[in-house]
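Notes to accompany the following structure.
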Amino acid sequence: MLNCKICRERSLSGLEHRLLGRTGKSLSLLSLGCMRLPEDVEEGARVVSRAVDLGINYFETSNWYCHNLSEVMVGMGIKGRRDRVYISTKVKMNPEMQGDDVKRAFEESLKRLGVDYVDFYQIWDFRVPEYDAVFKKGGALDVIEDLRDQGLVGHTGMTCHESNEDIIRFLDSGRFESVTLEYNMLQREKEPVIEYAYEHGIGVVIMKPLAGGILATPSDVLANLPAGHKGSTAAMGLSFVMSNPYVTTVPSGMTSVDEVEQNVEIAENFVPMTQAEREQLVHALEHFKALGEGFCTGCNYCRDCPNGVKIAALFNIRNYYVVFGLKEWALRSYERLKSKHPINCTECGECEKKCPNGIPIIAQIKEVVNLFEGSKE
207 MLNCKICRER SLSGLEHRLL GRTGKSLSLL SLGCMRLPED VEEGARVVSR AVDLGINYFE
267 TSNWYCHNLS EVMVGMGIKG RRDRVYISTK VKMNPEMQGD DVKRAFEESL KRLGVDYVDF
327 YQIWDFRVPE YDAVFKKGGA LDVIEDLRDQ GLVGHTGMTC HESNEDIIRF LDSGRFESVT
387 LEYNMLQREK EPVIEYAYEH GIGVVIMKPL AGGILATPSD VLANLPAGHK GSTAAMGLSF
447 VMSNPYVTTV PSGMTSVDEV EQNVEIAENF VPMTQAEREQ LVHALEHFKA LGEGFCTGCN
507 YCRDCPNGVK IAALFNIRNY YVVFGLKEWA LRSYERLKSK HPINCTECGE CEKKCPNGIP
567 IIAQIKEVVN LFEGSKE
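Below, the structure is given as structure tokens:
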């Protein structure tokens, strides 16, 4: 059930603000995800600056985003207004990383940002094999907490794609003040973790609220869903995520000043969906999935294809094409997938033995290839 009391307020700009867990920080409900900033540094800085102008106060960046230039653009865009914003950046771990590596990465981020502290420093894409490197004595969290004690870091956080059980295990350590999770109206698996984090005073930041751009693609199917909200598919997608009261802030990856202005307008006019409207939308989405014969649920039991075919990824793209009518996005994604992972099915049948849904995978791979190759003609 999505019923709770949550601290809400409106800034002078009209953007709703929510408290980030026990940190006491008040974040704009719409924030800026800085992975998709334009390649031109000056233009990227203008996007960031315009976001600040319009009341966005949380900026999610990383040392690896935008060919290592995202932090530079954020620093340029907030210059002279550091006290008005919260900066969140990250360190990517691996099992061999030592505490000194984390400290070095942090110092490099400060230089790129041109600031003397960051508000949030996160373990990026925290995975189970990295557990010891993160939690061991002298490991990543010890270093970050030491930086916090020095006033160089405000709060600790993590971003994670692991199972709900593993994420909750990480959170139960009590050492994270925020968690960033993938969540949108097409991918709702993390809802139990979102509620759990909220109930334990941990702020919830959302990644991919528009499913990595999928929901920014025109779709007659999605546009006509009975959501109780009229407007673009993107507006519906943002509204769905923002209507979850356990969510603190929703960083949207914006690539231009126009996109910033459009999304701020959506957020300023945002009216939460009622519980009935959300349930109606979810029911409609599940109904469309059921209409897709051979709908792959993405369990990925077939992942160890001896020929390297990315079956679940291929079928996921097919689902968005066939079920949700997202043809433009699906065609682009198919070409990207094919360029990295050639579709060389030898019909060995190993995948079909593992599929819990009984999908005729071999036949469906042929159908999917024919579908996309035929669509290019």
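Residue numbering for the sequence shown follows this note's numbering, beginning at 207 and increasing consecutively.
All C-beta atoms, glycine included, are put in the ideal place defined by N, C-alpha and C.
Note that this is a predicted model, so its numbers are computed, not measured.
| request: Report buried or exposed for C554, applying the criterion of at least 16 other Cβ atoms within 10 angstroms of its Cβ. | output: C554 counts as exposed, since fewer than 16 other beta carbons sit within 10 angstroms of its beta carbon.
| request: Compare the beta carbon distance of G281 and G320 with 7 Å and say whether it is the shorter of the two. | output: Against a cut-off of 7 Å, the Cβ pair of G320 and G281 comes out as a contact.
| task | For N522, count neighbouring C-beta atoms within 10 Å of its own C-beta (all shown protein chains included) and say buried if the count is 16 or more, exposed if not. | result | buried
| message | Can you look up E553 in the DSSP assignment and give me helix, strand or coil? | response | coil
| said: Measuring CB atoms only, is the region 413-423 touching the region 340-359, in the sense that at least three cross pairs come out at less than 8 Å? | reply: These segments do not touch.
| field | Rounded C-alpha distance that separates D372 from V334 | value | Here the alpha carbon of D372 sits roughly 7 Å from the alpha carbon of V334.
| Going by beta carbon distance, what residues of the same chain come within less than 7 Å of V258, once the five residues before and after it are set aside? | Excluding the 5 residues flanking it on each side, V258 has same chain C-beta neighbours closer than 7 Å at G283, I284, R287, R290 and V291, in chain order.
| field | Short Cβ contact (7 Å threshold) for P548 with G239 | value | no
| field | Other residues of its chain near L260: CB distance less than 8 Å, five sequence neighbours each side excluded | value | S219, L221, V466, E467 and V470
| field | Reference T552, options V515, L520, E383 and G580, closest by Cα | value | V515
| query | Can you list, in chain order, the stretches of the beta strand (DSSP E) that have 3 or more residues and sit fully within the region 211-285? | reply | 214-216, 222-225, 232-234, 236-239 and 264-266
| query | What are the complete alpha helix (DSSP H) segments, minimum 4 residues, inside the region 445-522? | reply | 463-474 and 481-497
| Three-way DSSP call (helix, strand, coil) for L387 in this model | DSSP places L387 in strand when its eight states are reduced to three.
| Would you call V385 buried or exposed, if buried means 16 or more other Cβ atoms sit within 10 Å of its Cβ? | buried
| query | Rounded to the nearest angstrom, how far is the Cβ of L491 from that of M391, given a contact under 8 Å? | reply | 7 Å
| Start and end of the beta strand (DSSP E) containing S294? | Y292 to K298
| message | Threshold first: 3 residues or longer. Then list the beta strand (DSSP E) segments lying entirely within the region 343-391, N to C. | response | 359-365 and 384-388
| For K560, which residues of its own chain have a beta-carbon under 6 Å away from its beta-carbon, when the five flanking residues on both sides are left out? | Y507 and C508
| query | Do Y402 and V410 have their C-beta atoms closer together than 7 Å? | reply | no
| Can you tell me whether DSSP reads D289 as helix, strand or coil? | If DSSP states are grouped into helix, strand and coil, D289 belongs with the helices.
| Taking DSSP as the reference, what is the three-state secondary structure of D325? | strand
| query | What are the boundary residues of the beta strand (DSSP E) that V410 is part of? | reply | G409 to M413 is the extent of the beta strand (DSSP E) around V410.
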